[in-house]
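K.L.:
Sharing a structure below in structure tokens format, with a few things to ask.
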Amino acid sequence: MILAPALFYAAATTACHSMEGDKVRGSDLAAASAAFAAAPPDAVAGYAPQPGMRRIFDAGELERFARANHFEVAGVTALCFERAAALPDPQKMQEAMRKVLGEAQVTLEIVAFSQFHVPAGEMVFPRESLSMPGSDGAAVWNGYVAYEGGHFPLWARVHLSVRQRRLVAAAELKPGHVLEAQDVRVEEADEFPSRTPLLASPEEAVGRMPRRVLAAGTPLSAGLLEEANEVERGQTLIAEARSGAAVVKLEVRAETSGKHGQTISLRNPSSGKLFRARVEGKGLVVVEVEAPQ
């Protein structure tokens, strides 16, 4: 039986008893008062208060609980309950942060943290809730304690750096330039973790092109690069006209550049006529011609 209506108080003069879990049970009443020694341990008296709040059961509620569970009480007074809580443990906070970072070489210092008491539970610091550092080099990392019944927020200001292997531009890189091995280099650095995954090996960049001008030393991510054109404007290449099993090949000139799968403009040097075809590979375009019915 869950007592209702429930009374929740942010503060009360009644001495409060610490308890755990999302419900106040007979075992909690017995621990708070010898009058409830006969209470069934698992019988539910009511919902537990939220962390930081108190719940008071008045004498009438307690007597109704006793009758519902077939035992008698006499001379009972109000009982107050609050969830067990304590200030966040910085060591446990660090452990939760390191768990989500995953990297082996992490330098982490907590310089300030939430001073609200938190319930017992698992501390969680989602990586996406880590803000970028401020002018003092400290970043705010919002997290929470997952407890029975919900999440309780907490925060910390941290100094954080992670040893990262990253690919950087060896010199200034310009759009349209197809990257070669000498255009990039691998380096390791201790720095604040990037929200954007960085490339870590030359193979991830060679053969691609910068989307914009990149200064020497710029860390490279996939978003800064694009696939290289397979056909360049002004290039002479082969166009295949396909109709069923029949294939006719023609040497043409590209009027526009394009990547695999894109449609580009081409010119027939013999007739001077323009037409469009799909890029199928390096120096190859295809025109699909419907077979006559």
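Here the sequence shown stands for residues 2 to 294, where the numbers follow the working numbering. Heads up, the beta-carbon is just placed ideally off N, CA and C, and yes, glycines get one too.
When the Cα of G259 is compared with those of E281, V249, S271, A16, which residue comes out closest?
P.N.:
Among E281, V249, S271, A16, the Cα nearest to that of G259 is on E281.
K.L.:
Where do the ends of the beta strand (DSSP E) carrying A157 lie?
P.N.:
Per DSSP, A157 belongs to the beta strand (DSSP E) from 151 to 170.
K.L.:
Per DSSP, what kind of secondary structure is A139 in: helix, strand or coil?
P.N.:
Three-state result, A139: coil.
K.L.:
Based on Cα-Cα distance, which residue from G224, P270, A216, S202 lies nearest to A240?
P.N.:
Of the listed residues, the one whose Cα sits closest to A240 is P270.
K.L.:
Inspect the beta-carbon positions of G122 and D23 and report whether they are closer than 9 angstroms.
P.N.:
Contact: no.
K.L.:
Taking the Cβ atom as the reference point for each residue, do D37 and G47 lie within a distance shorter than 9 angstroms?
P.N.:
Strictly speaking, residue 37 in this sequence is Phe, with Asp absent from that position. Not a contact, by the Cβ cut-off of 9 angstroms.
K.L.:
What is the DSSP secondary structure of F58, reduced to helix, strand or coil?
P.N.:
F58: strand per DSSP, three-state reduction.
K.L.:
Going straight from the alpha carbon of Q183 to that of V232, what length do you get?
P.N.:
Going from the Cα of Q183 to the Cα of V232 covers about 23 angstroms.
K.L.:
Taking Cβ to Cβ, would you say P120 is nearer than 9 angstroms to N143?
P.N.:
No. Outside cutoff.
K.L.:
Do T264 and A255 come within 9 angstroms of each other at the CB atom, strictly closer than that value?
P.N.:
No, Cβ-Cβ distance for A255 and T264 is not below 9 angstroms.
K.L.:
Assign L275 to buried or exposed, taking buried as 16 or more other Cβ atoms, counted over all protein chains shown, within 10 Å of its Cβ.
P.N.:
When all chains shown are included, L275 counts as exposed.
K.L.:
Report yes if the C-beta distance between S202 and V187 is below 9 angstroms; otherwise report no.
P.N.:
Closer than 9 angstroms, so yes.
K.L.:
In the DSSP assignment, the beta strand (DSSP E) including D191 goes from what residue to what residue?
P.N.:
Its beta strand (DSSP E) spans residues 185 to 192.
K.L.:
Taking the continuous alpha helix (DSSP H) assigned at P176, which residues delimit it?
P.N.:
Run containing P176: none; DSSP gives neither H nor E here.
K.L.:
G53 and F117 - do their beta-carbons sit closer together than 9 angstroms?
P.N.:
Yes.
K.L.:
In whole angstroms, give me the CA-to-CA distance for F72 and E21.
P.N.:
Going from the Cα of F72 to the Cα of E21 covers about 24 angstroms.
K.L.:
From the DSSP output, read off the bridge partner residues of A216.
P.N.:
Answer is none; A216 lacks a bridge partner.
K.L.:
Can you look up P211 in the DSSP assignment and give me helix, strand or coil?
P.N.:
Three-state result, P211: strand.
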